[in-house]
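S.K.: First, the structure itself, so that you have it in front of you.
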Amino acid sequence: MRVDHIAIAVNSAEDALENYKKLLNVDKIEIEEVPNEMVKVVMINLQDTRIELLEPTSENSPISKFLKDRGEGIHHIAITADEIETDVNHALDKGIKFLGGLRTGSYGRKITFIHPKSLNGVLVELCQAPPQDDGQTLENKI
(Lines of atoms letter the chains of each structure in order from A; the text may use other names.)
(Lines give C-alpha, C1' and ligand atoms only; values in the text may rest on other atoms or scores of the structure.)
Protein backbone atom coordinates (compact mmCIF):
# COMPACT_ATOMS: atom_id res chain seq x y z
CA MET A 0 0.00 0.00 0.00
CA ARG A 1 1.05 3.58 -0.54
CA VAL A 2 -0.39 7.06 -0.11
CA ASP A 3 -2.57 7.78 -3.13
CA HIS A 4 -3.59 11.33 -2.28
CA ILE A 5 -4.32 13.83 0.46
CA ALA A 6 -7.83 15.29 0.32
CA ILE A 7 -8.58 18.84 1.36
CA ALA A 8 -12.10 20.15 1.96
CA VAL A 9 -12.54 23.60 0.40
CA ASN A 10 -15.34 26.09 -0.11
CA SER A 11 -14.29 26.81 -3.70
CA ALA A 12 -12.23 24.32 -5.68
CA GLU A 13 -11.33 26.95 -8.28
CA ASP A 14 -10.02 29.42 -5.67
CA ALA A 15 -8.09 26.69 -3.87
CA LEU A 16 -6.61 25.43 -7.13
CA GLU A 17 -5.28 28.89 -7.91
CA ASN A 18 -3.62 29.02 -4.48
CA TYR A 19 -1.97 25.61 -4.91
CA LYS A 20 -0.78 26.47 -8.42
CA LYS A 21 1.15 29.42 -6.95
CA LEU A 22 3.34 26.99 -5.01
CA LEU A 23 3.30 23.63 -6.75
CA ASN A 24 4.63 22.45 -10.07
CA VAL A 25 1.38 20.89 -11.27
CA ASP A 26 1.75 18.13 -13.87
CA LYS A 27 -1.94 17.61 -14.58
CA ILE A 28 -5.36 18.63 -13.24
CA GLU A 29 -8.47 16.44 -13.42
CA ILE A 30 -11.96 17.69 -12.52
CA GLU A 31 -14.97 15.49 -11.87
CA GLU A 32 -18.32 15.70 -10.08
CA VAL A 33 -19.26 12.64 -8.06
CA PRO A 34 -23.04 12.82 -7.61
CA ASN A 35 -23.34 9.93 -5.12
CA GLU A 36 -20.81 11.67 -2.83
CA MET A 37 -22.28 15.15 -3.56
CA VAL A 38 -18.84 16.57 -4.25
CA LYS A 39 -16.78 18.22 -6.97
CA VAL A 40 -13.27 16.75 -7.11
CA VAL A 41 -10.25 18.60 -8.43
CA MET A 42 -7.27 16.26 -8.52
CA ILE A 43 -3.89 17.99 -8.67
CA ASN A 44 -1.32 15.55 -10.02
CA LEU A 45 2.22 16.19 -8.91
CA GLN A 46 5.36 14.33 -9.83
CA ASP A 47 5.03 11.67 -7.12
CA THR A 48 1.66 12.20 -5.41
CA ARG A 49 -1.68 13.91 -5.71
CA ILE A 50 -3.72 16.48 -3.82
CA GLU A 51 -7.49 16.24 -4.04
CA LEU A 52 -9.61 19.35 -3.52
CA LEU A 53 -13.16 18.54 -2.40
CA GLU A 54 -15.94 21.09 -2.87
CA PRO A 55 -19.47 20.19 -1.77
CA THR A 56 -22.17 20.29 -4.45
CA SER A 57 -25.02 20.03 -1.93
CA GLU A 58 -25.80 21.25 1.58
CA ASN A 59 -26.33 17.55 2.41
CA SER A 60 -22.80 16.58 1.38
CA PRO A 61 -20.51 15.19 4.10
CA ILE A 62 -17.96 17.76 2.87
CA SER A 63 -20.47 20.55 3.48
CA LYS A 64 -20.93 19.33 7.05
CA PHE A 65 -17.17 19.05 7.50
CA LEU A 66 -16.69 22.66 6.31
CA LYS A 67 -19.42 23.95 8.65
CA ASP A 68 -17.97 22.08 11.64
CA ARG A 69 -14.24 22.52 11.02
CA GLY A 70 -13.64 24.92 8.15
CA GLU A 71 -11.31 24.28 5.25
CA GLY A 72 -8.47 21.83 5.74
CA ILE A 73 -7.28 18.26 5.44
CA HIS A 74 -10.24 15.91 5.19
CA HIS A 75 -8.59 12.52 4.71
CA ILE A 76 -5.55 10.60 3.56
CA ALA A 77 -6.16 8.03 0.82
CA ILE A 78 -4.23 4.78 0.65
CA THR A 79 -4.09 2.67 -2.51
CA ALA A 80 -5.19 -0.91 -2.01
CA ASP A 81 -4.14 -3.57 -4.50
CA GLU A 82 -7.06 -5.84 -3.57
CA ILE A 83 -9.48 -3.71 -1.59
CA GLU A 84 -11.84 -6.52 -0.57
CA THR A 85 -8.94 -8.54 0.85
CA ASP A 86 -7.50 -5.48 2.62
CA VAL A 87 -10.89 -4.55 4.12
CA ASN A 88 -11.46 -8.11 5.38
CA HIS A 89 -7.96 -8.19 6.88
CA ALA A 90 -8.58 -4.85 8.63
CA LEU A 91 -11.99 -6.00 9.92
CA ASP A 92 -10.35 -9.12 11.35
CA LYS A 93 -7.94 -6.83 13.22
CA GLY A 94 -10.80 -4.75 14.70
CA ILE A 95 -10.67 -1.76 12.34
CA LYS A 96 -14.04 0.02 12.00
CA PHE A 97 -15.32 1.34 8.67
CA LEU A 98 -17.77 4.06 7.68
CA GLY A 99 -20.17 2.53 5.19
CA GLY A 100 -19.28 -0.18 2.74
CA LEU A 101 -17.47 -0.38 -0.56
CA ARG A 102 -18.76 2.04 -3.18
CA THR A 103 -17.71 3.79 -6.35
CA GLY A 104 -15.83 7.05 -5.88
CA SER A 105 -14.18 9.47 -8.25
CA TYR A 106 -12.67 8.13 -11.47
CA GLY A 107 -14.50 4.81 -11.05
CA ARG A 108 -12.40 3.72 -8.09
CA LYS A 109 -13.64 1.32 -5.43
CA ILE A 110 -13.50 3.19 -2.12
CA THR A 111 -14.34 2.87 1.55
CA PHE A 112 -13.43 4.90 4.60
CA ILE A 113 -11.86 3.77 7.87
CA HIS A 114 -13.42 5.37 10.94
CA PRO A 115 -11.09 7.99 12.45
CA LYS A 116 -11.38 6.33 15.87
CA SER A 117 -9.58 3.30 14.45
CA LEU A 118 -6.57 5.36 13.26
CA ASN A 119 -5.86 7.95 15.94
CA GLY A 120 -8.34 10.57 14.75
CA VAL A 121 -7.43 10.44 11.04
CA LEU A 122 -10.05 9.64 8.40
CA VAL A 123 -8.42 7.24 5.92
CA GLU A 124 -9.84 6.25 2.56
CA LEU A 125 -8.90 2.95 0.98
CA CYS A 126 -9.15 3.14 -2.79
CA GLN A 127 -8.51 0.83 -5.71
CA ALA A 128 -8.46 1.72 -9.37
CA PRO A 129 -11.00 -0.12 -11.49
CA PRO A 130 -9.81 -3.06 -13.59
CA GLN A 131 -8.94 -2.14 -17.14
CA ASP A 132 -12.19 -2.11 -19.13
CA ASP A 133 -13.74 -5.37 -17.94
CA GLY A 134 -17.26 -4.06 -18.57
CA GLN A 135 -18.40 -4.50 -14.97
CA THR A 136 -19.23 -1.87 -12.39
CA LEU A 137 -18.63 -2.18 -8.68
CA GLU A 138 -22.36 -2.72 -8.17
CA ASN A 139 -22.30 -5.70 -10.56
CA LYS A 140 -19.43 -7.32 -8.69
CA ILE A 141 -20.71 -7.08 -5.13
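Residues 0 to 141 in numbering that gives the first Met the number 0 are what the sequence shown lists, from first letter to last.
All C-beta atoms in this analysis are idealised placements derived from N, C-alpha and C, irrespective of residue type, glycine included.
Between which two residues does the alpha helix (DSSP H) harbouring H74 extend?
M.R.: Here residue 74 refers to the residue found at position 75 of the sequence shown. Unbroken run through H74 is the beta strand (DSSP E), G72 to T79; no alpha helix (DSSP H).
S.K.: With burial defined as no fewer than 16 other Cβ atoms inside 10 Å of the residue's Cβ, what is the status of Q127: buried or exposed?
M.R.: By 1-based counting over the sequence shown, the position of residue 127 is 128. Under this definition Q127 is a buried residue.
S.K.: Put L23 into one of helix, strand or coil per three-state DSSP.
M.R.: As a position in the sequence shown, residue 23 is number 24, starting the count at 1. Three-state result, L23: coil.
S.K.: Please report the straight-line C-alpha distance between G107 and Y19, rounded to a whole angstrom.
M.R.: Your numbering for residue 107 matches position 108 in the sequence shown. Your numbering for residue 19 matches position 20 in the sequence shown. The alpha-carbon atoms of G107 and Y19 are separated by roughly 25 Å.
S.K.: Skipping 5 residues on each side, what residues in its chain have a beta carbon closer than 7 Å to that of G104?
M.R.: Translated into positions along the sequence shown, residue 104 becomes position 105. Answer for G104: V33, E36, I110 and C126, listed in chain order.
S.K.: Under the assumption that H114 contacts F97 (Cβ atoms under 8 Å), give the Cβ distance between them as a whole number of angstroms.
M.R.: Residue numbering aside, residue 114 sits at position 115 when the sequence shown is read from its first letter. Residue numbering aside, residue 97 sits at position 98 when the sequence shown is read from its first letter. Correct: roughly 6 Å between the Cβ atoms.
S.K.: Check whether the region 61-73 and the region 81-93 are in contact - that is, three or more C-beta pairs closer than 8 Å.
M.R.: Flag = no, the region 61-73 and the region 81-93 do not touch.
S.K.: Residue ranges of each beta strand (DSSP E) run of no fewer than 3 residues wholly in the region 8-71, ordered along the chain?
M.R.: The qualifying runs are 27-33, 38-44 and 49-55.
S.K.: Report back the beta-carbon spacing between V142 and L52 to the nearest angstrom; my notes put them in contact at under 8 Å.
M.R.: The chain is shown only over 0 to 141; residue 142 falls outside these bounds and no answer can be derived.
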